[in-house]
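S.K.: Per the numbering used here, the sequence shown starts with residue 0, numbered consecutively. Glycine included, every Cβ here is placed at the ideal spot set by N, Cα and C.
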Amino acid sequence: MNIRKLLLGIILILIFNGIFFSRALILETNSENSPIFMEQNFKQCSVQIKVREVRNVLENYVNFTINGKSYALKGFFGDYFCFSEGILLIAGYPGDPNAPSTEILFLDNSLNKKWWQYFARGLWFDSYQDAKIILTNGCVYWIEEKNGKSKYFCPNTGLITDVKESSDSSYVATTEGYVYLLKDHKLEKGIRVAKPWKGENLRMLVEIGVGEKYIAIVYSFVNPPGEEKRGLCVYTKNLVKLACRRLDYTPKEVVIMNGIIYVKDFYTGKIRAYRVYSLL
Numbered sequence: 000m001n002i003r004k005l006l007l008g009i010i011l012i013l014i015f016n017g018i019f020f021s022r023a024l025i026l027e028t029n030s031e032n033s034p035i036f037m038e039q040n041f042k043q044c045s046v047q048i049k050v051r052e053v054r055n056v057l058e059n060y061v062n063f064t065i066n067g068k069s070y071a072l073k074g075f076f077g078d079y080f081c082f083s084e085g086i087l088l089i090a091g092y093p094g095d096p097n098a099p100s101t102e103i104l105f106l107d108n109s110l111n112k113k114w115w116q117y118f119a120r121g122l123w124f125d126s127y128q129d130a131k132i133i134l135t136n137g138c139v140y141w142i143e144e145k146n147g148k149s150k151y152f153c154p155n156t157g158l159i160t161d162v163k164e165s166s167d168s169s170y171v172a173t174t175e176g177y178v179y180l181l182k183d184h185k186l187e188k189g190i191r192v193a194k195p196w197k198g199e200n201l202r203m204l205v206e207i208g209v210g211e212k213y214i215a216i217v218y219s220f221v222n223p224p225g226e227e228k229r230g231l232c233v234y235t236k237n238l239v240k241l242a243c244r245r246l247d248y249t250p251k252e253v254v255i256m257n258g259i260i261y262v263k264d265f266y267t268g269k270i271r272a273y274r275v276y277s278l279l
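1) Terminal residues of the continuous beta strand (DSSP E) containing residue 128?
2) Do residue 254 and residue 242 have their C-beta atoms within less than 8 Å of each other?
3) Can you say whether residue 85 is buried or exposed, counting buried as having 16 or more other CB atoms within 10 angstroms of its CB?
4) Within a Cβ cutoff of 6 Å, which residues of the same chain sit near residue 264, ignoring the five residues on either side of it in sequence?
5) Is residue 98 buried or exposed, if buried means 16 or more other CB atoms sit within 10 Å of its CB?
6) With DSSP as the reference, label residue 244 as helix, strand or coil.
7) Give me the Cα-Cα distance between residue 195 and residue 225, rounded to the nearest whole angstrom.
8) State the Cα-Cα distance for the pair residue 30 and residue 137, rounded to the nearest angstrom.
9) State the Cα-Cα distance for the pair residue 77 and residue 36, rounded to the nearest angstrom.
10) Of all the options 193, 128 and 150, which has the alpha carbon lying nearest to the alpha carbon of residue 162?
11) Would you list the one or two residues that DSSP bridges to residue 81?
12) Short of 7 Å in beta carbon distance, which residues of its chain neighbour residue 141, apart from the five on each side in sequence? Order them along the chain.
13) Name, in chain order, the residues that DSSP records as bridge partners for residue 23.
14) Which partner residues of residue 116 appear in the DSSP bridge assignment?
15) When you compare each of 108, 201, 27 and 91 to residue 123 by their alpha carbons, which one comes out closest?
16) Per DSSP, what are the beta-bridge partners of residue 135 in this structure?
17) Can you give the Cα-Cα distance for residue 111 and residue 68, rounded to whole angstroms?
18) Using 8 Å as the threshold, is the C-beta distance between residue 190 and residue 171 below it?
19) Can you tell me the Cα-Cα spacing of residue 217 and residue 278, whole angstroms?
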């Protein structure tokens with residue numbers, strides 16, 4: 000009987016909430032079976048890679064040495080990332096939105112040059128998803144691992160903070176609080192989840208978690224006095240807003256697993272869990 004009353008209460012709250020405020024409720028729940036937040040390690044390579052950055056008046060370049068073979072790319076800094084199909088070498092100016100260029104070279108597992116790409120803008124490695132190498136800065140580039148062909152999207156609303164792939168859809172977040180939905184890397188829709196502080200922001204974090212029915216977005220904007228805007232919002236996969244709630248801690252990452260939203264605390268590492276109750 001108590002369970003029936005609880006369910007009836009939730010339904011009535013959802014109806015009232017949907018009529019006057021939002022389309023869903025986000026309620027905190029037990030987080031005993033929370034997932035492990037772990038970044039993929041692309042530094043575990045089967046070969047030793049030496050990186051030497053050469054800087055002089057005429058030119059900056061990076062020299063990579065692998066098993067006695069050398070490869071040179073133009074740039075101020077260099078790095079490498081290893082995948083099952085080969086090794087990515089990258090040189091450029093990470094963190095500089097006005098950087099002149101970025102060069103990348105992909106080697107197969109026999110250390111033969113598979114493909115090379117030059118970009119006339121500053122980019123850096125973000126992630127590897129669905130056999131695509133993703134580079135970001137003010138734009139996001141999706142590069143096919145097998146042939147080096149690329150597609151890109153430049154939202155012009157700040158720097159890219161997160162990119163998530165889901166079958167034929169891509170979700171892109173920016174420092175200005177925007178999230179975009181792309182289908183086959185073509186823009187379908189863009190929404191603004193939250194606004195940063197006017198003037199300088201010391202932190203501009205917007206992260207996306209993608210589930211089967213909806214996406215979750217966490218954000219944190221901090222100004223010089225230390226004031227913070229932070230929250231969790233839930234949208235349908237077509238970016239229809241369901242609900243938002245403020246957070247009393249600083250979020251770092253968000254994932255959705257088995258219909259439950261998990262958010263990791265930026266400072267403590269504690270994981271909070273939330274359920275979404277919606278009539279949609």
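M.R.: According to the structure shown:
1) On the sequence shown, position 129 is the one that residue 128 refers to. For residue 128, the enclosing beta strand (DSSP E) stretches over residues 123-128.
2) Residue numbering aside, residue 254 sits at position 255 when the sequence shown is read from its first letter. Residue numbering aside, residue 242 sits at position 243 when the sequence shown is read from its first letter. Their beta carbons are not under 8 Å apart, which means residue 254 does not touch residue 242 by this criterion.
3) Position 86 of the sequence shown, counted from the first residue, corresponds to residue 85. The residue in question, residue 85, is buried, as its Cβ has 16 or more Cβ neighbours within 10 Å.
4) For the purposes of this step, residue 264 is taken as the residue at position 265 of the sequence shown. Same-chain partners within the cutoff: 248.
5) Locating residue 98 in the sequence shown gives position 99, counting from the first residue. It counts as buried.
6) Looking up residue 244 in the sequence shown gives position 245. In the structure shown, residue 244 sits in a strand (DSSP, three-state: E or B).
7) On the sequence shown, position 196 is the one that residue 195 refers to. On the sequence shown, position 226 is the one that residue 225 refers to. Our two residues, residue 195 and residue 225, have alpha carbons roughly 13 Å apart in a direct line.
8) As a working mapping, residue 30 is identified with position 31 in the sequence shown. As a working mapping, residue 137 is identified with position 138 in the sequence shown. Computed Cα separation, rounded: 35 Å.
9) Taking the sequence shown and counting its residues from 1, the one referred to as residue 77 is at position 78. Taking the sequence shown and counting its residues from 1, the one referred to as residue 36 is at position 37. Straight across, the Cα-Cα distance linking residue 77 with residue 36 is about 27 Å.
10) In the sequence shown, residue 162 corresponds to position 163, counting from 1. Ranking the options by Cα distance to residue 162, first place goes to 128.
11) Taking the sequence shown and counting its residues from 1, one reaches residue 81 at position 82. 86, per the DSSP bridge assignment.
12) Residue 141 sits at position 142 when you count from the first residue of the sequence shown. Once the five neighbours on either side are set aside, the close Cβ partners of residue 141 are 131, 133, 149, 150 and 184.
13) Stepping through the sequence shown from its first residue, residue 23 is reached at position 24. Paired residue(s): 277.
14) Position 117 of the sequence shown holds residue 116. Paired residues: 103.
15) Counted from its first residue, the sequence shown places residue 123 at position 124. For the residues 108, 201, 27 and 91, the minimum Cα distance to residue 123 belongs to 91.
16) Locating residue 135 in the sequence shown gives position 136, where the first residue counts as 1. In the DSSP assignment, residue 135 forms a beta bridge with 123 and 139.
17) Walking along the sequence shown from the start, residue 111 turns up at place 112. Walking along the sequence shown from the start, residue 68 turns up at place 69. Answer to the nearest angstrom: the Cα atoms are 10 Å apart.
18) In the sequence shown, residue 190 corresponds to position 191, counting from 1. In the sequence shown, residue 171 corresponds to position 172, counting from 1. Taking 8 Å as the Cβ cut-off, residue 190 and residue 171 do not qualify as a contacting pair.
19) Position 218 of the sequence shown, counting from 1, holds the residue named residue 217. Position 279 of the sequence shown, counting from 1, holds the residue named residue 278. The alpha-carbon separation between residue 217 and residue 278 amounts to approximately 22 Å.
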